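Chains as they are written, first to last, in my numbering: chain A, 2 to 213; chain B, 2 to 213.
Note that CB positions come from ideal geometry on N, CA and C, so glycine has one too.
Note that the coordinates shown come from a computational prediction; the quantities given were computed from them, not determined experimentally.
Number of protein chains: 2
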Amino acid sequence: MQTEKREKAVQIGRMQTEEELNKEIHRLNDRYEELGKSERRRLARLKRKKEAMEEERRRSREQEMVDSEFMREALKQAQKAAKLGEVPIGCVIVKDGRIIARGYNRRNTDHSTLSHAEIRAIRKASRVLNDWRLEGCTLYVTLEPCQMCAGAIVQARIPCVVMGCMNPKAGCGGSVLNILQMKEFNHQVEVKRGVLEKECSEVLSGFFKRLR
Amino acid sequence: MQTEKREKAVQIGRMQTEEELNKEIHRLNDRYEELGKSERRRLARLKRKKEAMEEERRRSREQEMVDSEFMREALKQAQKAAKLGEVPIGCVIVKDGRIIARGYNRRNTDHSTLSHAEIRAIRKASRVLNDWRLEGCTLYVTLEPCQMCAGAIVQARIPCVVMGCMNPKAGCGGSVLNILQMKEFNHQVEVKRGVLEKECSEVLSGFFKRLR
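Now the structure itself:
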């Protein structure tokens, strides 16, 4: 009996695609009257799995919309940098669905390497939360962070980072290094890449085109 | 002739230890009267090499004294951190033989991850020089920098970093990573390790002992 149960669990677990799941639910539904007790239980389990899948998809669609919305706010910050003639990179930090800090690149304006968008936003977020630990926060940034900013994100224990476009030659969120997710450090970051990638990339390429 | 010259240069180059060099100079000096023209030229070259070696040693001894002096200043900064109950890490930035910025760890006091000793010193140095590029500067720090600070050092184009003790579990100046000297980045730092290592290590272990 124990073994049988386990086998059925495996059978349900194995149905990886929704299509397979739907087909099996259909097949069982069609001959519902003929089904034995254990087959009916199996059908109920399959239906619960289907509902969970739909819920997951709905949630992920919602999260995508939320991510796009906050990345659009980061892009507004990038535009502020562009207006100052700075490389247009923008960042926002979100906690409990609310933006608690914004930042944009002002390196030349401030004569400071610490005026990268992410560092400025992290400084403000720490001031708002009165804590060097930015727990429960998500950082949105239009360009993959450099080694310093990726390091600051790990040091501030930010749990989640959402990036726009990548920086293949210098980025440290997966390109040159992946400082955000090194198991050697005492904190690893959940990373999402490519949110509004095209828009984030275009604001940069447009800036450099105007420079030339 | 050209080949002969080159061979002699190689012969001189090959004398790696000062002992070998001294012995050969002695040998040639002893029979100076018998020496041919080319042997006398060789003796002169060996003597010049010996002088250069002595000059190099003198310079390196001087540099060691200078490094110790500035590391002692960094240690004073670390003591300020300890007085606040912060992990005692201190830093100074030197340009043209003069300290232009100081910093010590104030992470808990300031509620900010950006209050690491190095970041605070880099911010001040940029203010002093009115430039995000800290060219011609040497940064002295009592403990190997973390990923964020190592990143900031590279971003600020600091040419030279002198460290006290290493941080095997989290350091990014050679321990977990060597962010300071990655050929993939657009700037590499000259690194010196182990200056006043014992003192720098003891200030930390003393602090943690008192905590327990």
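Identify each residue in the segment 175 to 192 of chain A for which the Cβ-Cβ distance to at least one residue of chain B is less than 8 Å, and report them in chain order.
Val-177, Leu-178, Ile-180, Met-183, Glu-185, Phe-186 and Asn-187
Quick one: list the residues of chain E neighbouring Cys-147 of chain A, beta-carbon separation under 7 Å, in chain order.
In the displayed structure, chain E is absent; the protein chains listed are A and B.
Nearest-angstrom Cα distance between Asp-31 of chain A and Thr-18 of chain A?
Counted from its first residue, the first sequence places residue 31 of chain A at position 30. Counted from its first residue, the first sequence places residue 18 of chain A at position 17. Spanning the two alpha carbons is a distance of roughly 20 Å.
Listed in chain order, which residues of the segment 83 to 95 of chain A have Cβ atoms closer than 8 Å to some Cβ of chain B?
none
Can you tell me which of B:Asn-23, B:Leu-76, B:Thr-114 and B:Asn-179 puts its alpha carbon nearest to the alpha carbon of Glu-52 of chain B?
By 1-based counting over the second sequence, the position of residue 52 of chain B is 51. Ranking B:Asn-23, B:Leu-76, B:Thr-114 and B:Asn-179 by Cα distance to Glu-52 of chain B puts B:Asn-23 first.
Let me see if you follow: with CB-CB separation under 8 Å, is His-27 of chain A close to chain B or not?
Stepping through the first sequence from its first residue, residue 27 of chain A is reached at position 26. No, His-27 of chain A does not count as interfacial toward chain B.
Is Arg-124 of chain B close to chain A, meaning its C-beta is less than 8 Å from at least one C-beta of that chain?
By one-based count along the second sequence, residue 124 of chain B stands at place 123. Taking Cβ atoms only, chain A reaches closer than 8 Å to Arg-124 of chain B, which makes this a yes.
To the nearest angstrom, report how far apart Lys-84 of chain A and Glu-55 of chain B are at their CA atoms.
The residue you call residue 84 of chain A lines up with position 83 of the first sequence. The residue you call residue 55 of chain B lines up with position 54 of the second sequence. If I take the Cα positions, the gap works out to 57 Å.
Anticipated Cβ contact below 8 Å, Cys-166 of chain B with Glu-119 of chain B, distance rounded:
Counted from its first residue, the second sequence places residue 166 of chain B at position 165. Counted from its first residue, the second sequence places residue 119 of chain B at position 118. With 8 Å as the limit, Cys-166 of chain B and Glu-119 of chain B do not qualify as a contact, their Cβ atoms being about 15 Å apart.
Could you have a look at Met-2 of chain A and say whether DSSP puts it in helix, strand or coil?
Here residue 2 of chain A refers to the residue found at position 1 of the first sequence. Any answer about Met-2 of chain A is weak, because its pLDDT of 48 lies below 50 and its placement is not dependable; what the coordinates show is given next. Looking at Met-2 of chain A - three-state DSSP - the assignment turns out to be coil, as it is neither helix nor strand.
Give me the chain A residues within the contact set of Ala-171 of chain B, using Cβ-Cβ distance strictly less than 9 Å, ordered along the chain.
Stepping through the second sequence from its first residue, residue 171 of chain B is reached at position 170. By Cβ distance, chain A contributes Glu-185, Phe-186 and Asn-187.
N- and C-terminal bounds of the alpha helix (DSSP H) containing Cys-138 of chain A
Within the first sequence, the letter at position 137 stands for residue 138 of chain A. Here Cys-138 of chain A belongs to no alpha helix (DSSP H); instead the beta strand (DSSP E) covers 138 to 144.
Where do the N-terminal and C-terminal ends of the alpha helix (DSSP H) with Ile-120 of chain B fall, by residue?
Stepping through the second sequence from its first residue, residue 120 of chain B is reached at position 119. 118 to 130 is the extent of the alpha helix (DSSP H) around Ile-120 of chain B.
Look at Leu-76 of chain B and Glu-200 of chain B and say whether their C-beta atoms are less than 8 Å apart.
Stepping through the second sequence from its first residue, residue 76 of chain B is reached at position 75. Stepping through the second sequence from its first residue, residue 200 of chain B is reached at position 199. Yes, Cβ-Cβ distance for Leu-76 of chain B and Glu-200 of chain B is below 8 Å.
Met-2 of chain B classed as buried or exposed, judged by whether at least 16 other C-beta atoms fall within 10 angstroms
One-based indexing of the second sequence puts residue 2 of chain B at position 1. Unreliable placement is indicated for Met-2 of chain B, whose pLDDT of 48 sits below 50; no coordinate value is reported for it.
Determine, using beta-carbon pairs with one atom in the segment 137 to 151 of chain A and one in the segment 171 to 182 of chain A, whether at least three such pairs fall under 8 Å.
yes
8 Å Cβ cutoff, Leu-115 of chain B in contact with chain A
The sequence position of residue 115 of chain B within the second sequence is 114, counting from 1. Leu-115 of chain B counts as touching chain A.
Count the other CB atoms within 10 Å of the CB of Ser-116 of chain B; is the residue buried (16 or more) or exposed (fewer)?
For the purposes of this step, residue 116 of chain B is identified with residue 115 of the second sequence, where counting begins at 1. Buried, since its Cβ has 16 or more Cβ neighbours within 10 Å.
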